[in-house]
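Below is one structure, written out as structure tokens, with a few remarks after it.
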Amino acid sequence: MTDSQPPNLLDFIVDRTHAGIFVVNRDMELVLWNQFMEVHSGRKAQTLLGKNLFDAFPELPRKWLARKVENVFILKNFSFTSWEQRPYLFKFPHNRPVTGGVDCMRQDCTLMPVKNTLGDVEYVCFTLFDVTDTSIYQQQLTALTQELREVSNHDGLTQLFNRRYIEETLSKEFKRAQRYSHPLTVILSDIDHFKQVNDTHGHLAGDEVLRIISRRLQSNLRDTDVLGRYGGEEFLIVLPNTGTKGGKVLAERLRHAIESEPVTFGDIHLSINISLGITELREEDSRDYEQLIGEADQALYQSKESGRNQATVFTANNPAN
Amino acid sequence: MSVQPYNEDQTDALQEVANIAMGQAGDSLARILDNFVTLSVPRIRQIAIHELVDTVTTMVGDEEEVSAVRQAFYNSLRGEAIVIFTQSGADELAELLGYDCELDAAIEQELLLEVGNLLVGAILSGISETLGTEVGFSAPSLMAERTPLYQVLAPDQLSWQHALLVEVNFSVEKHRFKSHLLMFMTEETIETLRSILDEFMDDF
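Protein chains in written order, with our numbering: chain R, 74 to 394; chain U, 23 to 226.
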């Protein structure tokens with residue numbers, strides 16, 4: 074009977090830890106391949122040691138990875154890969170019954186320089202972590218957050234941005250325009266005689282008018298314009314990088330788009346018009362975005378006073394103010 | 023605990039150490055990229071967090087939208103480095119770093135992380151090697167992409183009170199690829215580094 078020898082703790086831990094560990098030398102030959110790597114790759118260390126990593130695993134992204142390893146040798150510095158940009162290094166199956174659409178093990182890798190006594194890098198040690206769970210939770214969280222954001226930013230009836238979101242957008246654009254001295258224009262619009270639609274045809278008809286007008290406004294905007302439902306039948310449009318001249322052109326286009334074609338649903342045909350008020354940020358006396366909304370509202374009031382179905386640009390010395 | 027700024031000798035020593043580190047880094051980066059690489063002489067400043075946005079804005083320029091990578095380092099030097107990229111020039115760097123595929127968002131991110139890691143690793147390894155200390159690194163992560171600078175460095179988003187600002191312009195021959203490096207260190211580390219610098223000077 075031989076005497077019991079104490080186990081080599083470090084060997085045991087490196088081999089059995091729940092992470093992939095493998096080591097390559099300057100010629101990319103494997104000098105260590107732990108149990109995690111054996112189990113998931115189905116390849117035993119004894120068949121791999123001394124072999125070139127890329128010969129053994131031709132499916133690895135050779136050009137990129139060889140370069141990365143070379144960089145560790147030259148810079149004597151850590152290097153990393155993350156599942157968020159590069160889902161995996163080795164295509165290993167994962168152990169999750171519920172996959173959330175993830176087809177194989179997601180991996181985070183660290184490449185560490187292993188220096189000899191002279192301080193030169195002799196090996197590069199890879200550690201590979203299974204982050205499949207994290208990636209699935211992260212994806213679920215991202216999807217959910219996205220969904221919540223959509224819901225919380227949109228108006229249920231018209232699917233336009235809601236008041237909170239459009240004000241937030243205006244507030245941001247106001248700060249940006251002020252900071253960089255860019256122009257910014259705001260349009261406030263209101264459906265003329267909307268109450269009559271409701272009174273005559275009922276609220277369901279009113280809702281349908283709102284939906285149709287919303288779609289028509291939206292389809293006549295430019296890419297950078299942001300439209301939101303501001304109140305019952307009021308719409309707010311934020312026009313970054315645009316002055317009142319461009320704002321007036323857009324307002325006329327919107328007004329015409331609504332006026333030129335009756336709103337039709339079922340066998341009801343309604344002639345609908347909108348009135349609009351336009352104002353722009355003036356560097357010398359625009360305090361905050363609320364002031365812009367107030368001015369657009371005054372200009373809108375002017376449009377209503379002058380007979381509706383028109384667009385008015387706010388002027389500070391307007392006698393009506 | 024309030025932190026005394028480094029005195030003139032300490033700052034000089036740190037500047038010297040950083041110069042050596044960046045010299046080595048430039049050499050290694052040139053070998054890696056197989057191109058002539060210019061690393062500017064690092065400008066080092068120690069600043070309090072409330073000065074941060076203004077100082078960095080002056081450095082980077084007001085108009086810019088930036089991308090930023092953060093990376094923690096640990097051991098005798100502890101803290102976090104942030105690399106700010108003003109122009110991505112990602113397609114050119116992709117080629118230099120051995121990417122031969124179409125550039126998509128993930129690859130652009132990976133490139134920023136890669137270059138961030140290279141720069142942080144180069145300067146910190148250089149400094150710690152010169153000073154005879156050890157330093158380890160956590161994986162870098164993306165802090166911001168094409169975001170106005172003042173949003174990236176909102177003081178209430180940062181948990182650090184003191185920053186060692188190391189301004190390094192990194193450019194590759196014919197390509198303009200600018201980046202700035204910020205190092206945030208614990209107060210403890212600022213003190214550790216102070217005593218290491220003192221010892222370092224005694225050796226001369």
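Backbone N, C-alpha and C define an ideal beta-carbon position, used for all residues, glycine too.
Any C-beta of chain R under 7 Å from that of residue i
i, result
"residue 43 of chain U", "no"
"residue 159 of chain U", "yes"
"residue 54 of chain U", "yes"
"residue 128 of chain U", "yes"
"residue 131 of chain U", "yes"
"residue 138 of chain U", "no"
"residue 120 of chain U", "yes"
"residue 147 of chain U", "yes"
Coarse secondary structure for residue i, derived from DSSP in three states
i, result
"residue 266 of chain U", "Past the edges of chain U, shown from 23 to 226, lies residue 266 of chain U, and the structure says nothing about it."
"residue 330 of chain R", "helix"
"residue 194 of chain U", "strand"
"residue 40 of chain U", "helix"
"residue 90 of chain U", "strand"
"residue 273 of chain R", "helix"
"residue 237 of chain R", "helix"
"residue 165 of chain R", "coil"
"residue 178 of chain R", "coil"
"residue 342 of chain R", "strand"
"residue 393 of chain R", "For residue 393 of chain R, the pLDDT reaches just 47, beneath the cut-off of 50, and the residue's location in the model is therefore unreliable, although a value from the coordinates is still provided. Of the three classes helix, strand and coil, the one that applies to residue 393 of chain R here is coil, per DSSP."
"residue 63 of chain U", "coil"
"residue 105 of chain R", "strand"
"residue 176 of chain U", "coil"
"residue 210 of chain R", "helix"
"residue 324 of chain R", "helix"
"residue 58 of chain U", "coil"
"residue 219 of chain R", "helix"
The alpha helix (DSSP H) enclosing residue i, as first and last residue numbers
i, result
"residue 140 of chain R", "135 to 148"
"residue 147 of chain U", "127 to 153"
"residue 369 of chain R", "362 to 378"
"residue 86 of chain R", "82 to 89"
"residue 231 of chain R", "No alpha helix (DSSP H) holds residue 231 of chain R; DSSP gives it neither H nor E."
"residue 127 of chain R", "126 to 129"
Enclosing beta strand (DSSP E) for residue i [first to last residue]
i, result
"residue 203 of chain R", "194 to 203"
"residue 206 of chain U", "201 to 207"
"residue 168 of chain U", "163 to 170"
"residue 102 of chain U", "101 to 107"
"residue 385 of chain R", "384 to 386"
Buried/exposed call for residue i, threshold 16 Cβ in 10 Å
i, result
"residue 360 of chain R", "exposed"
"residue 189 of chain U", "buried"
"residue 31 of chain U", "exposed"
"residue 313 of chain R", "buried"
"residue 89 of chain U", "buried"
"residue 224 of chain R", "exposed"
"residue 108 of chain U", "buried"
Beta carbon proximity, residue i to chain U, threshold 7 Å
i, result
"residue 156 of chain R", "no"
"residue 163 of chain R", "no"
"residue 247 of chain R", "no"
"residue 127 of chain R", "no"
"residue 148 of chain R", "yes"
"residue 189 of chain R", "no"
"residue 106 of chain R", "no"
| said: Could you check whether the segment 178 to 186 of chain R touches the segment 144 to 156 of chain R, counting it as contact only if at least three pairs of C-beta atoms, one from each stretch, sit closer than 8 Å? | reply: yes
| field | Three CB pairs or more closer than 8 Å across the segment 132 to 148 of chain U and the segment 161 to 170 of chain R | value | By the C-beta criterion, the segment 132 to 148 of chain U is judged not to be in contact with the segment 161 to 170 of chain R, since fewer than 3 inter-stretch pairs fall below 8 Å.
| query | On the three-pair Cβ rule with 8 Å, is the segment 273 to 281 of chain R touching the segment 207 to 214 of chain R? | reply | no
| request: Spell out a yes or no on whether the segment 31 to 40 of chain U and the segment 125 to 137 of chain U are touching, meaning 3 or more CB-CB pairs, one atom from each, closer than 8 Å. | output: no
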